[in-house]
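Written out below as structure tokens is the structure these notes cover.
Residue numbers (the working numbering): -8 to 360.
Below, the structure is given as structure tokens:
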């Protein structure tokens, strides 16, 4: 009888050991698969999004510098229009690349040097009216709210092109305004190259950040997505809608209201967010995104819900007639619908997706909840 009991105990222990061993093997295989997907996702983001956007951004800033100098040599409406259109091309690339302000790139604060919004018109006018030599060295020494993409917009865009042209020809400090414009364009080329160099030097850190938690690259990308969506909700739509002043509409609180490109900024942000989620950057055979991770862990229906919300956000942008500057005054309800669509997207990514993937959302001043 005792021998039977001992045999039974040995059998149970052996079975448990085999069971645990199988579970450990399965867990190891699953962890390996997750790491494989994560590595390919991060490689996809860098090779097919971050690197090409950096190349485009450098190219566009160099083209702007050429056009600005041509405008300085021949101040005409035609040349001014060319500079303005090139500024829009720069902004379009930047508003996608802006999502990836993370890791060592974020620590460098180069993004602030490239585009600090809102800009400081009074300081810009003081700089132009000063006795300083307005060159690239001077621009490098001043605050970020007096230069960069937003600073260029302030100098380039006004009530209409005839008035804009006069500011470079007959108005006070016209020559110095031209010099300031040239110096800002030169500085932007320097900063775009600095940004590209930072990314090239940190590629291995970005792609190799496979760990979970705050230091992991995937976690940083999720936090960057959350930060951008919150900024759209609070700063880029909420404040102009009057969220902070009792409902008084303030079109001049929209980003890039002078150029009336506020809606395109939101559009480019949405493009970048959706591409980051889906990993759908190029026609490469292995396009891993966050949606693939959700499917991997059995949350395919939720993955579809996020995709559907991106579609809703796009529909709300498409429902805006004309510029956001005019629509927010004539039809603020449409702008409110757009803000609410992004708020729903925020909940799906910040709360639901982050929880499912085990991500840690860090504290953010732009809390859109």
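Glycine is no exception: its CB is placed at the ideal position from the N, C-alpha and C atoms. Keep in mind the model is a prediction, meaning the values are calculated, not measured.
- A contact between stretches requires three or more CB pairs, one per stretch, nearer than 8 Å, and the region 220 to 237 fails this requirement with the region 50 to 59.
- When the Cα atoms are used, residue 114 and residue 124 turn out to be separated by approximately 15 Å.
- The alpha-carbon separation between residue 181 and residue 78 amounts to approximately 16 Å.
- Straight-line spacing of the CA atoms in residue 83 and residue 255 works out to 8 Å.
- If you check the CB distance, residue 105 and residue 139 come in under 8 Å.
- The residue among 174, 107, 154, 196 with its C-alpha nearest the C-alpha of residue 33 is 196.
- By the criterion of a C-beta distance shorter than 7 Å, residue 80 is surrounded in its chain by 51, once the five residues flanking it on both sides are discounted.
- Of the other Cβ atoms in all chains shown, 16 or more fall within 10 Å of the Cβ of residue 155; this residue is therefore buried.
- Residue state for residue 92 is assigned as coil, using DSSP reduced to three classes.
- In this structure residue 128 is exposed. Its beta-carbon is surrounded by fewer than 16 other beta-carbon atoms within 10 angstroms.
- Residue burial is scored here from C-beta neighbours: residue 280 has at least 16 other C-beta atoms within 10 angstroms and is therefore classed as buried.
- Residue environment analysis places residue 92 among the buried positions, since at least 16 neighbouring C-beta atoms fall within 10 angstroms of its C-beta.
- Here residue 178 is not near residue 120, since their CB atoms are 8 Å or more apart.
- Scanning its chain for C-beta atoms nearer than 7 Å, with the 5 sequence neighbours on each side dropped, one finds around residue 339 the residues 296, 297, 300, in chain order.
- In this structure residue 302 is not in contact with residue 294, their Cβ atoms being roughly 13 Å apart against a cut-off of 8 Å.
- Here the region 237 to 245 makes contact with the region 316 to 327; the two share three or more CB pairs at distances below 8 Å.
- In the DSSP assignment, residue 46 falls within the unbroken alpha helix (DSSP H) covering 42 to 64.
- Residue 111 places its beta carbon less than 8 Å from that of residue 137.
- In the DSSP assignment, residue 349 falls outside any alpha helix (DSSP H), carrying neither H nor E.
- Short of 6 Å from the beta carbon of residue 58, and not among the five residues preceding or following it, lie these beta carbons of its own chain, in chain order: 73, 74, 77.
- Note on the region 205 to 265: there is no whole beta strand (DSSP E) run with a minimum of 3 residues.
- The Cβ-Cβ distance between residue 39 and residue 273 falls below 8 Å.
- Distance between residue 108 and residue 246, taken at the CA atoms: about 7 Å.
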